[in-house]
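In my numbering, the protein residues as written are 54 to 113. Virtual Cβ for every residue (Gly too), placed ideally from N, Cα, C. From a predicted model like this one, the values you see are computed outputs, not experimental measurements.
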């Protein structure tokens, strides 16, 4: 978000409006990004712990 705001040319009306909105909702956006990152990490560890309960049936 910080890099995007630095990259924007705020001399234009649309980019100025976008920058203002990003500034207004900065806390909510960064909190959401942080929560999403934690969800991704936890889902990876959950997948590592998952095991199949199926067993192969061997025909004799």
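Where the alpha helix (DSSP H) through residue i begins and ends
i: residue 57; result: 55-60
i: residue 77; result: 66-77
Euclidean distance between Cα positions of residue i and residue j
i: residue 66; j: residue 98; result: 45 Å
i: residue 60; j: residue 76; result: 14 Å
i: residue 88; j: residue 112; result: 48 Å
Distance between beta carbons of residue j and residue i, contact taken as under 8 Å
i: residue 72; j: residue 58; result: 6 Å
Residue i and residue j closer than 8 Å at C-beta
i: residue 54; j: residue 93; result: no
Own chain, CB closer than 8 Å to residue i, minus 5 neighbours either side, in chain order
i: residue 63; result: 69, 72
i: residue 79; result: 54
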